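As they're listed, the protein sequences go chains A and B.
One point on numbering: in numbering that gives the first Met the number 0, the residue at position 72 of the first sequence is 71, and numbering is uninterrupted.
One point on numbering: in numbering that gives the first Met the number 0, the residue at position 305 of the second sequence is 304, and numbering is uninterrupted.
All residues carry an ideal CB built from backbone N, CA and C; glycine is no exception.
Being a predicted model, the structure only gives us computed values, none of them experimental.
Right, one structure below, let's go through it.
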Amino acid sequence: MEELIKVTGLKKTFKLSSKQQKIEKTKSKVKIAVNGLNFNAYRGEVFGLLGPNGAGKTTTLRMLATLIKPDEGDVVIDGASVTKNPDMVRSKIAFLTGELKLEDFFTPNYMYDFFSDLHHVDAETRNARREKLFKRFGIDKFAEVKIGSLSTGMRQKVSLVVSLVHDPDIIIFDEPTNGLDVMTAKVVTDFLMELKNEGKTIIVSTHIFSLIEKICDRVGIVINGQMCVCDLLSNLTEDMSLEDKFFKIYEEIIGEEV
Amino acid sequence: MNKDVFTIVKKEFTRFFGDKRLFFSSVIMPGLLIFVMYSIMGKGLMKSFSVSDDYVSKIYVENMPEELNDNFNALGTDITEITDEQVDESKALLLDDGSDKIDAIIVFPQDFIKVVNSYEISDGNEAPNVKIFYNSANTKSSRIYSLIVSILDEYEASISNKFDINKLAEDESYDQATEKETTGMLFSMIMPMLLLIFLFTGCMSIAPDAIAGEKERGTIATLLVTPVKRSSIALGKIISLSVFSLLSGISSFLGTMLSMPALMGGNTEGLNASVYSAKDYILLFLIIISTVLMFVSILAVVSAFAKSVKEAGTLVLPFMLLIIGIGLSSMMGGGSSMTALDSVIPIYGTVKCLSGIFAFNYNIAYIFIAVGMNIAVTCALTYVLTKMFNNEKIMF
Ligand SMILES: Nc1ncnc2c1ncn2[C@@H]1O[C@H](COP(=O)(O)OP(=O)(O)OP(=O)(O)O)[C@@H](O)[C@H]1O
Ligand SMILES: [Mg+2]
Chain A
0 MEELIKVTGL
10 KKTFKLSSKQ
20 QKIEKTKSKV
30 KIAVNGLNFN
40 AYRGEVFGLL
50 GPNGAGKTTT
60 LRMLATLIKP
70 DEGDVVIDGA
80 SVTKNPDMVR
90 SKIAFLTGEL
100 KLEDFFTPNY
110 MYDFFSDLHH
120 VDAETRNARR
130 EKLFKRFGID
140 KFAEVKIGSL
150 STGMRQKVSL
160 VVSLVHDPDI
170 IIFDEPTNGL
180 DVMTAKVVTD
190 FLMELKNEGK
200 TIIVSTHIFS
210 LIEKICDRVG
220 IVINGQMCVC
230 DLLSNLTEDM
240 SLEDKFFKIY
250 EEIIGEEV
Chain B
0 MNKDVFTIVK
10 KEFTRFFGDK
20 RLFFSSVIMP
30 GLLIFVMYSI
40 MGKGLMKSFS
50 VSDDYVSKIY
60 VENMPEELND
70 NFNALGTDIT
80 EITDEQVDES
90 KALLLDDGSD
100 KIDAIIVFPQ
110 DFIKVVNSYE
120 ISDGNEAPNV
130 KIFYNSANTK
140 SSRIYSLIVS
150 ILDEYEASIS
160 NKFDINKLAE
170 DESYDQATEK
180 ETTGMLFSMI
190 MPMLLLIFLF
200 TGCMSIAPDA
210 IAGEKERGTI
220 ATLLVTPVKR
230 SSIALGKIIS
240 LSVFSLLSGI
250 SSFLGTMLSM
260 PALMGGNTEG
270 LNASVYSAKD
280 YILLFLIIIS
290 TVLMFVSILA
300 VVSAFAKSVK
310 EAGTLVLPFM
320 LLIIGIGLSS
330 MMGGGSSMTA
340 LDSVIPIYGT
350 VKCLSGIFAF
360 NYNIAYIFIA
370 VGMNIAVTCA
380 LTYVLTKMFN
390 NEKIMF
């Protein structure tokens with residue numbers, strides 16, 4: 000199995016403003032969001048980061064996507080390092096999270112073509128891909144409607160499609176079903192399975208057990224910025240459900256610390 | 000890289016020219032608003048400071064000398080003779096608003112003409128005095144006051160004429176200034192300041208939303224996860240925002256120029272923008288373009304620091320004050336000519352160049368230095384903006 004993503008000793012601390020200190024109920028001036036994280040993801044698998052709120056999942060994925068830089072450690076994605084060669088990493092991945100928005104003024108068609116141009120996709124390939132994906136998600140009917148007037152679900156679908164203009168091999172997806180109704184969530188998870196079958200490598204983060212059980216091959220459980228367990232889903236769910244397993248691990252970790 | 004810059008510029012243009020509201024509010028509105036406002040202001044000023052031609056001033060006079068009757072009648076005034084006792088009580092009527100209102104009270108010494116004729120300076124006695132009571136807060140009263148003073152001056156000159164100054168003559172004009180000089184002087188005083196302010200407010204209406212707004216709405220982050228170089232994003236933004244700002248600035252400027260006649264009460268005699276040569280206009284254009292680039296890059300960097308459009312608006316204010324201050328300095332500066340040192344100071348050099356060009360008194364080398372400085376500042380700030388796009392603390 001080929002290691003496509005290699006995360007080693009990843010660490011990220013944030014300086015807390017006094018306001019944030021109050022919210023976090025802490026006196027320390029820094030928050031260690033990710034604390035020496037290690038994991039690998041192999042080509043063609045779906046890797047899930049599972050963890051409670053504030054565990055550091057989003058922070059980890061943002062470092063993978065080169066939006067923020069690690070304090071320590073490194074991530075190598077298909078041979079490119081996020082610290083040394085971020086431009087290269089960006090051309091290899093799709094990164095999708097709720098915080099990345101498309102401009103309300105433009106139509107899905109325009110945005111798709113704009114990002115295709117930025118990824119230097121030739122016009123023919125672009126048109127073929129756009130037609131296929133727009134149809135797949137039912138965006139074709141709204142292709143000329145301004146994004147600002149689309150529904151939340153449709154907007155997320157457009158964001159998903161636009162993030163894939165360059166047909167990358169690696170897809171990093173933070174909370175893929177967040178804010179979607181069951182119907183749309185199913186469309187998205189089915190699509191992720193399709194991508195996996197095409198041989199894409201997918202990393203998702205979530206706190207939803209069912210999502211992990213449905214799509215992931217391997218799972219890393221993140222608590223307090225540390226990787227507690229990282230194993231095949233089948234191994235983790237051998238003797239009990241994923242949910243029970245998670246709470247058992249959580250109690251061991253937190254119980255020890257408190 | 001060039002291709003990405005082009006892609007980004009193209010997108011920004013589509014946004015700007017495709018959004019009718021944005022285009023209207025940042026290009027059409029400023030010029031239109033200034034034009035309408037200044038025109039109304041001009042008309043209003045004219046009205047409150049002028050007296051209609053058929054108005055008949057009411058004047059009370061004590062000891063009216065008959066010899067001056069003709070002069071006063073020529074003014075079309077309504078003269079009432081009063082006695083010494085009535086003078087004091089009549090003063091209140093100067094402040095009256097009703098139908099009893101009068102515009103002036105003149106008190107001549109008794110036998111005015113005789114007294115004047117017999118008066119000799121060499122006697123050392125006090126000269127005869129004419130008192131004129133009036134109300135300077137009232138336009139009509141002020142006007143008749145100055146007319147009365149000029150009649151009396153004329154009369155005084157006619158009885159002891161030793162010399163005249165600029166006596167009116169049909170075939171001679173005393174003011175030797177040409178259209179070119181009048182225009183040059185006035186334009187070099189006010190234009191640099193107006194241009195500077197309009198260009199800057201033009202940029203202010205565009206840049207904060209395009210940078211801080213995109214940050215606030217989370218749309219710039221989407222751009223930052225693509226492999227596009229940060230420098231291409233910065234350059235694409237600055238180029239397109241400069242074009243929009245220039246349009247907005249030109250709109251305000253046109254609004255001002257077109258409303259000038261109304262604002263100056265139609266008194267634009269001697270002003271003519273065609274006294275400038277094509278070369279002057281080209282230089283002017285170079286300066287304006289380079290200044291807009293600099294302003295946009297300043298505002299882009301400031302807006303990139305801000306977390307929201309609102310915050311950007313606040314952060315930008317000190318720069319606005321600075322620009323106004325430098326603009327004013329050129330107005331007060333009295334057109335001292337430019338030095339090499341002036342030309343290397345950003346913004347100040349620009350103002351100096353502008354007033355130099357308008358006054359037909361410039362050194363082409365200095366203009367090129369100033370333009371070069373503006374471009375250099377733009378490049379430096381584009382580099383800073385690139386660094387900021389790379390800085391997670393600023394962007395997220
Ligand atoms: N920019 C920041 N400044 C300060 N603290 C931050 C910042 N970003 C994240 N944190 C903190 O780091 C910790 C990890 O945050 P992160 O968003 O990675 O968690 P998460 O696992 O994605 O949680 P959730 O399930 O709620 O999305 C949190 O305590 C958060 O408050
Ligand atoms: Mg998160």
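Taken in chain order, the whole alpha helix (DSSP H) runs of length 4 or more contained in the segment 115-196 of chain A are 122-135, 151-162, 181-196.
The Cβ-Cβ distance between Thr349 (chain B) and Ala369 (chain B) falls below 9 angstroms.
Under the DSSP definition of a beta bridge, Met226 (chain A) partners with A:Val221. The beta carbon of Lys100 (chain A) falls within 9 angstroms of a beta carbon belonging to chain B, placing the residue at that interface.
For Lys11 (chain A), the enclosing beta strand (DSSP E) starts and ends at 2-14.
Relative to the non-hydrogen atoms of ligand 1, the Cβ of Leu179 (chain A) never comes closer than 8 angstroms to any of them. About 12 angstroms separates the beta carbon of Phe107 (chain B) from that of Asn68 (chain B), a gap too long to meet the 8 angstroms contact definition.
Between the segment 97-112 of chain A and the segment 39-54 of chain A there are fewer than three C-beta pairs closer than 8 angstroms, too few to call the two in contact. Around the CB of Ser329 (chain B), 16 or more other CB atoms lie within 10 Å, so the residue is classed as buried. With a minimum length of 4 residues, the unbroken runs of alpha helix (DSSP H) contained wholly in the segment 174-252 of chain B fall at 178-203, 213-216, 218-223. As for any beta strand (DSSP E) of minimum length 3 sitting wholly inside the segment 117-168 of chain B, the runs are 130-132, ordered along the chain. Contact between Leu31 (chain B) and Gly254 (chain B) holds: their C-beta atoms lie close to 7 angstroms from each other, under 8 angstroms. With a cut-off of 8 angstroms on Cβ pairs, the segment 78-86 of chain A is not in contact with the segment 238-249 of chain A, counting fewer than three such pairs. Three or more pairs of CB atoms, one per stretch, sit closer than 8 angstroms, so the segment 352-363 of chain B contacts the segment 271-290 of chain B.
At a cut-off of 9 angstroms between beta-carbon atoms, Phe136 (chain A) makes no contact with chain B. For Leu49 (chain A), the secondary structure class from DSSP, reduced to helix, strand or coil, is strand. Runs of the alpha helix (DSSP H) spanning 4 or more residues and lying entirely within the segment 330-392 of chain B occur at 339-343, 347-357, 363-388, in chain order. Flagged as an interface residue toward chain A: Ile7 (chain B), by a C-beta distance shorter than 9 angstroms.
Distances taken from the Cβ of Thr57 (chain A) to the heavy atoms of ligand 2 include one shorter than 8 angstroms. For Ile22 (chain A), the nearest beta carbon of chain B is not closer than 9 angstroms to its own beta carbon.
Judged by DSSP in its simplified three-state form, Ser289 (chain B) adopts helix. Taking the Cα positions, Ser258 (chain B) is about 25 angstroms away from Leu320 (chain B). Remark: C-beta atoms of Leu117 (chain A) and Ser158 (chain A) do not approach each other more closely than 9 angstroms.
In terms of Cβ geometry, Lys306 (chain B) and Glu215 (chain B) form a close pair [threshold 9 angstroms]. Interface flag for Val308 (chain B) against chain A is unset, since no Cβ pair is found closer than 9 angstroms.
Judged by DSSP in its simplified three-state form, Lys278 (chain B) adopts helix. Separation of Gly217 (chain B) and Ile249 (chain B) (C-alpha to C-alpha, rounded to the nearest whole angstrom) is 31 angstroms. Straight across, the Cα-Cα distance linking Ala364 (chain B) with Leu193 (chain B) is about 24 angstroms. Think of a sphere of 7 angstroms around the beta carbon of Ile170 (chain A): no beta carbon from chain B falls inside it, the nearest being about 12 angstroms out. Counting only Cβ-Cβ distances below 8 angstroms, Ile67 (chain A) has contacts in chain B at Glu391, Phe395, in chain order. Residue environment: Val6 (chain A) is assigned as buried (16 or more neighbouring CB atoms within 10 Å of its CB, all protein chains considered).
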